[in-house]
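J.: In UniProt numbering, the protein residues as written are 1 to 657. The beta carbon of each residue, even a glycine, is placed where N, CA and C say it ideally should be. After the structure tokens below, expect a handful of questions from me.
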């Protein structure tokens, strides 16, 4: 008897297995043929736009250069008036008595083409007060937030750990005293960016135009079709375009768009942007995918193409309805138009058999959105949107979602010690698992022994959830009695509101309104609000300094120290500091530091005061990020220079003397 070596699933016959294999092969063959077809279409569009661009560029460049040229003005050939009759001398009336006119002094002739005449001016000498030379300064790019160098990597372990990076450019090349060769020979520089990562700006424009042309043409958002965003990956050998769609979108946000008429997407009178028909059915998945690729969910950012949290992974949070249909209707004060649901009897209307996909997808994205506002996006009457919501999202579903989201009794933390030290705290990405944090789930918060932030996806009853401070109306945050301030955390008005509400209920008090809680927390929210007094940068005792324009009270938030974030073991900056004799290094945490030598704001001009100064810095954790804030340590009068003590490590040789 022979035994078959192939494994046959239980209940499956050989014929069924063969049919499944044949169907799989046919499906793979179909997808391969379709991918080849789309590849040819992408390459054809890219080549067409390439030719259009370089056919347009020479003439456009010649025209732009011609506009920069200045006109040549020729003298009128008609004889001018007699110079002797117009000769005069311009002198300062106040200095005419003190200075004697020398007829032999140099003179020059001024031709007036408007009056077709000339005049002669005599040169006189006048002593001016000496001007002090402009203070020495180093060019600095302004920024409102910290910038992370995405080209840094760590190698090795323990004492052998080091930072390797890509050299963007050669600083101080050609200047006497800077050892360029020694700088380039540093082992920390893995490669030169302009050699391995150089990007042609023309290719970026061509790739952007190609993607815009192909996006509405191909069904690239359907799950059963090849995804254009995956097909243009630069890391693959079979890449179609030189850049990924994500890279192209980022490049175009960092530059001004080129308005060139040769592109196929050019339109002098563009129509309002509509959702492509091929995207409507998968709009929810498309928006979700786009947000995960480009959007930063950190509460400090909430923006696309964040430069502080590059490549931040985050899990999708599916919106759930919390408003009943009656509450949705009550939020509308007046009709938006003749077809508004506000003036219609919805009970007399029947739900259409075929609901447009766009309405279904939009209500998944914004289930509690106003029908009047959603109708603008859907291009459908708002009564259709409200009618569909009343039929498909009943109040029973809303009540069930509310019960699921109600906070349950908090489980006591089983951690003997949770590290909340601001110096040892490292930024973590929000946990994305369901249920409370613990050893049974893959949770980075649990593994690191850190508190869960507000945008973590774990249960509200999670023992690691930070609940906020319990400062009541008779107190204010911003001192050691505040739990947030004591941990060097800025208050979160939403979390602290929940904590204060719970405390008020225990004391049988009315719930404090949101604006009242915000007023309590305002003393410990300087970095989030950004409210600072008026200050100016001008010549100080040591170069530039910062001065108060008005009186400033003690404890006032003065600003945030922003700069480029680098690893503390990065040694590539030491040669720059030694050569420039400038050091804007500021410790941020146990592993990170800030360097404002090339990027920063006005706080980099706070000068040193060995007696302690009138300003003090404080490192806070704001929504998981380390940030440095400055506060006034005393009352400051108008015109006072703001200074603080740099610390003993800043003066290693003379110990700050």
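1. Give every residue of the same chain whose Cβ lies closer than 6 Å to the Cβ of residue 727, excluding the five residues on either side of it in the sequence, and list them in chain order.
2. With C-beta atoms as the reference, is residue 453 less than 8 Å away from residue 333?
3. Could you compute how far the alpha carbon of residue 460 sits from the alpha carbon of residue 381?
4. Out of curiosity, what's the CA-to-CA distance linking residue 477 and residue 466?
5. Count the other CB atoms within 10 Å of the CB of residue 318; is the residue buried (16 or more) or exposed (fewer)?
6. Quick one, which of 482, 625, 635 has its alpha-carbon nearest residue 299's?
7. Does the beta-carbon of residue 435 have 16 or more other beta-carbons within 10 angstroms, so that it is buried, or is it exposed?
8. DSSP beta-bridge partners for residue 111?
9. Would you call the segment 108 to 123 in contact with the segment 524 to 532, where contact means no fewer than 3 C-beta pairs closer than 8 Å?
10. Could you tell me the distance, in whole angstroms, from the CA atom of residue 606 to the CA atom of residue 644?
11. In its own chain, which residues sit with a C-beta less than 7 Å from the C-beta of residue 430, not counting the 5 before and 5 after it?
12. Measure from the alpha carbon of residue 545 to the alpha carbon of each residue in 553, 554, 552, 535, then state which is nearest.
13. Could you check if residue 259 is buried or exposed, using at least 16 other CB atoms within 10 Å of its CB as the buried criterion?
14. If you follow the alpha helix (DSSP H) that residue 358 is in, where does it begin and where does it stop?
15. Along the chain, where does the alpha helix (DSSP H) that runs through residue 377 open and close?
16. Where does the unbroken alpha helix (DSSP H) through residue 348 begin, and where does it stop?
17. Of all the options 387, 627, 583, 40, which has the alpha carbon lying nearest to the alpha carbon of residue 562?
18. Just curious, the alpha helix (DSSP H) that residue 534 is in, first and last residue?
19. Helix, strand or coil for residue 627 per DSSP?
20. By a C-beta neighbour count over all protein chains shown, 10 Å radius and 16 as the cutoff for buried, is residue 207 buried or exposed?
21. Apart from the five residues on each side of it in sequence, which residues of its chain come closer than 6 Å, Cβ to Cβ, to residue 587?
22. Which word fits residue 343, buried or exposed, when buried means at least 16 other C-beta atoms lie within 10 angstroms of its C-beta?
23. Taking only three categories from DSSP, how would you classify residue 153?
24. Check whether the Cβ atoms of residue 469 and residue 496 sit closer than 8 Å, and answer yes or no.
25. Pairs of beta-carbons, one from the segment 537 to 556 and one from the segment 627 to 636, closer than 8 Å: are there three or more?
26. Secondary structure at residue 453, three-state DSSP: helix, strand or coil?
27. So is residue 388 buried or exposed if we call it buried at 16+ other beta carbons inside 10 Å?
28. Just to confirm the assignment, what range does the alpha helix (DSSP H) spanning residue 178 have?
29. Which residues share a DSSP beta bridge with residue 296?
30. Comparing alpha-carbon positions, which option in 379, 375, 347 lies nearest residue 390?
31. On the DSSP letters alone, give me the boundaries of the beta strand (DSSP E) that residue 619 sits inside.
32. If we count the other Cβ atoms within 10 Å of its Cβ and call it buried at 16 or more, is residue 181 buried or exposed?
33. With 8 Å set as the bound, which would you pick, yes or no: does the beta-carbon of residue 632 sit closer than that to a beta-carbon of chain B?
34. Using DSSP with H/G/I as helix, E/B as strand and the rest coil, what is residue 664?
35. Less than 7 Å between C-beta atoms, sequence neighbours within five positions excluded: which residues of the same chain meet that for residue 203?
36. Leaving out five residues before and five after residue 195 in sequence, what residues of the same chain have Cβ atoms less than 8 Å from its Cβ?
T.: Taking the definition as stated:
1. Only positions 1 to 657 of the chain appear in this structure, which leaves residue 727 out of reach.
2. Within the chain shown, residue 453 is the residue found at index 453, counting from 1. Within the chain shown, residue 333 is the residue found at index 333, counting from 1. No. Outside cutoff.
3. Numbered from its first residue, the chain shown carries residue 460 at position 460. Numbered from its first residue, the chain shown carries residue 381 at position 381. Taking the straight line from one Cα to the other gives about 38 Å.
4. For this step, residue 477 is matched to residue 477 along the chain shown. For this step, residue 466 is matched to residue 466 along the chain shown. Distance between the alpha carbons of residue 477 and residue 466 is about 16 Å.
5. Walking along the chain shown from the start, residue 318 turns up at place 318. That one is exposed.
6. Position 299 of the chain shown, counting from 1, holds the residue named residue 299. Of the listed residues, the one whose Cα sits closest to residue 299 is 625.
7. As a working note, residue 435 is residue 435 in the chain shown. So residue 435 counts as exposed.
8. By one-based count along the chain shown, residue 111 stands at place 111. According to DSSP, residue 111 bridges with 118.
9. no
10. Within the chain shown, residue 606 is the residue found at index 606, counting from 1. Within the chain shown, residue 644 is the residue found at index 644, counting from 1. Cα-Cα distance, rounded: 7 Å.
11. As a working note, residue 430 is residue 430 in the chain shown. Closer than 7 Å at the Cβ level, and outside the excluded window around residue 430, lie 314, 453, 455, 456, 457.
12. To locate residue 545, count along the chain shown from 1; it is residue 545. Looking at the Cα atoms, 535 is the closest of the given residues.
13. Here residue 259 is taken as the residue at index 259 of the chain shown, counted from 1. Burial call: exposed.
14. Sequence index remark: in the chain shown, residue 358 carries index 358 (1-based). Here the alpha helix (DSSP H) through residue 358 covers 357 to 365.
15. Here residue 377 is taken as the residue at index 377 of the chain shown, counted from 1. Residue 377 -> alpha helix (DSSP H) spans 371 to 378.
16. Position 348 of the chain shown, counting from 1, holds the residue named residue 348. Residue 348 -> no alpha helix (DSSP H), and no H or E assigned at all.
17. Position 562 of the chain shown, counted from the first residue, corresponds to residue 562. Nearest C-alpha to residue 562: 627.
18. Stepping through the chain shown from its first residue, residue 534 is reached at position 534. Run containing residue 534: none; DSSP gives neither H nor E here.
19. For this step, residue 627 is matched to residue 627 along the chain shown. Note: residue 627 maps to strand in three-state DSSP.
20. Mapped onto the chain shown, residue 207 falls at position 207. Buried, since its Cβ has 16 or more Cβ neighbours within 10 Å.
21. Here residue 587 refers to the residue found at position 587 when the chain shown is read from its first residue. Cβ within range, chain order: 593.
22. Working through the chain shown from its first residue, we reach residue 343 at position 343. Result: exposed.
23. Working through the chain shown from its first residue, we reach residue 153 at position 153. Strand, per DSSP.
24. Numbered from its first residue, the chain shown carries residue 469 at position 469. Numbered from its first residue, the chain shown carries residue 496 at position 496. Yes; because the gap between Cβ atoms is below 8 Å, this pair is in contact.
25. yes
26. By one-based count along the chain shown, residue 453 stands at place 453. Coil, per DSSP.
27. Taking the chain shown and counting its residues from 1, one reaches residue 388 at position 388. Under this definition residue 388 is a buried residue.
28. Start at 1 with the first residue of the chain shown, and residue 178 comes out as number 178. Where residue 178 is concerned, there is no enclosing alpha helix (DSSP H), given that its DSSP letter is neither H nor E.
29. Stepping through the chain shown from its first residue, residue 296 is reached at position 296. In DSSP, residue 296 forms a bridge with 303.
30. For the purposes of this step, residue 390 is taken as residue 390 along the chain shown, with counting starting at 1. Minimum Cα distance to residue 390 is reached at 347.
31. Residue numbering aside, residue 619 sits at position 619 when the chain shown is read from its first letter. Element bounds for residue 619: 615 to 622.
32. Against the chain shown, residue 181 aligns to sequence position 181. Exposed, by the Cβ-count rule.
33. Going by chain labels, chain B is absent from the structure shown, which holds only one protein chain.
34. Here the chain covers residues 1 to 657 and nothing more, so residue 664 does not appear.
35. Taking the first residue of the chain shown as 1, we reach residue 203 at position 203. Result list for residue 203: 242, in chain order.
36. Here the question's residue 195 lines up with position 195 in the chain shown. Contacts found: none.
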